[in-house]
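Student: Residue 46 in our numbering sits at position 22 of the sequence shown, and the numbers go up by one each step. Let me give you the structure first, and then I'll get to my questions.
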Amino acid sequence: MPAKSSPAKTRRAKTRPVKAKQPRRLYSVRNSAIHGRGVFAAAAIAKGTRIVEYRGERVDWDDAVQRPDSDPDNPFHTFFFSLDDGRVIDANVGGNAARWINHSCAPNCESDETDDGLVYILALRNIAKGEELAYDYRLKIDDKLTKKEFAAFTCRCGAPECRGTMLAGKKHKRRAKKARAKVAKKDAKQARMADRQSREAERLAQHHAHAARTAPR
Ligand SMILES: [Zn+2]
């Protein structure tokens with residue numbers, strides 16, 4: 025007798041076992057109207073669903089800021105996710121699709137850190153197939169930002185309640201509001217100038233027409 029008894033052989037089933045269906049991916053990555061690449065619901069997603077883990081290497085913040093930028097054209101674009109313990113997840117290293125999920129001021133997802141320090145992106149509400157997934161980045165920056173640096177965090181989510189910046193906090197919101205008002209004023213001025221120019225051109229054209237009609241032969 026063998027020391028370990030082997031399990032009794034089961035009788036052959038009459039029906040062939042059906043191969044377990046691959047769990048369907050809930051998301052796909054493609055180009056986004058908000059910014060660069062985005063992540064979209066590949067199926068209807070119920071409120072509260074854990075859609076994807078935000079993966080990457082866990083490093084100290086001091087270490088993270090020494091690392092090269094993810095995108096040389098957009099040096100402020102960040103793949104860093106701050107953890108409660110002061111470290112960050114650097115999705116440049118070992119990151120997954122979660123790093124492509126865009127920010128929105130009226131998001132359909134939220135980020136959630138578990139007690140084990142894992143970060144998941146959850147559905148804030150029921151999401152229809154094809155919708156772009158987004159969550160509020162709530163970026164926190166202690167340093168004072170120059171105008172250019174601040175502009176790099178401009179939000180283009182297009183939501184009516186858009187606060188104009190991906191940065192969190194009232195101070196940044198106020199600054200974004202001021203910046204937008206300034207841009208709107210500039211745009212209005214340019215529109216007025218363009219209008220004046222076109223009226224001027226029209227008047228000139230009329231003069232020409234008039235002149236053509238009255239010029240002696
Ligand atoms: Zn926004």
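Idealized CB from N, CA, C, for every residue including glycine.
(1) Is DSSP giving F174 helix, strand or coil here?
(2) Nearest to V117 by CA position, among R61, S106, E81 and L142, is which residue?
(3) According to DSSP, simplified to helix, strand and coil, what is D86?
(4) Could you tell me which whole alpha helix (DSSP H) segments of length 4 or greater appear in the segment 121-206?
(5) Can you give me the Cβ contacts of L146 inside the same chain, cut-off strictly under 8 Å, excluding the 5 residues immediately before and after it?
(6) Out of R199, C181 and N120, which one is the CA nearest neighbour of F174?
(7) Just reading off the beta strand (DSSP E) that R74 is part of, what are its end residues?
(8) Using alpha carbons as the reference points, say which of S56, H59 and I69 lies closest to R49.
(9) Evaluate the contact criterion for the segment 206-216 versus the segment 172-187: three or more CB pairs, one atom per stretch, below 8 Å.
Tutor: To lay it out plainly:
(1) Within the sequence shown, residue 174 is the residue found at index 150, counting from 1. Residue state, collapsed to three classes: helix.
(2) The residue given as residue 117 occupies position 93 in the sequence shown. Comparing Cα-Cα distances from V117 to each of R61, S106, E81 and L142, the minimum goes to E81.
(3) Position 62 of the sequence shown, counted from the start, is the residue given in the question as residue 86. Helix at D86.
(4) 171-175
(5) For the purposes of this step, residue 146 is identified with residue 122 of the sequence shown, where counting begins at 1. Within the same chain, L146 has close Cβ partners G72, T73, R74, I75, C133, E134, S135 and D136.
(6) By one-based count along the sequence shown, residue 174 stands at place 150. Selected option, being the one with the closest Cα: R199.
(7) Taking the first residue of the sequence shown as position 1, residue 74 is located at position 50. Counting along the chain, R74 sits inside the beta strand (DSSP E) bounded by residues R74 to E77.
(8) Along the sequence shown, one-based indexing puts residue 49 at 25. Of the candidates S56, H59 and I69, the one whose C-alpha sits nearest the C-alpha of R49 is I69.
(9) As far as the Cβ criterion goes, the segment 206-216 does not touch the segment 172-187, which means the pair count is below three.
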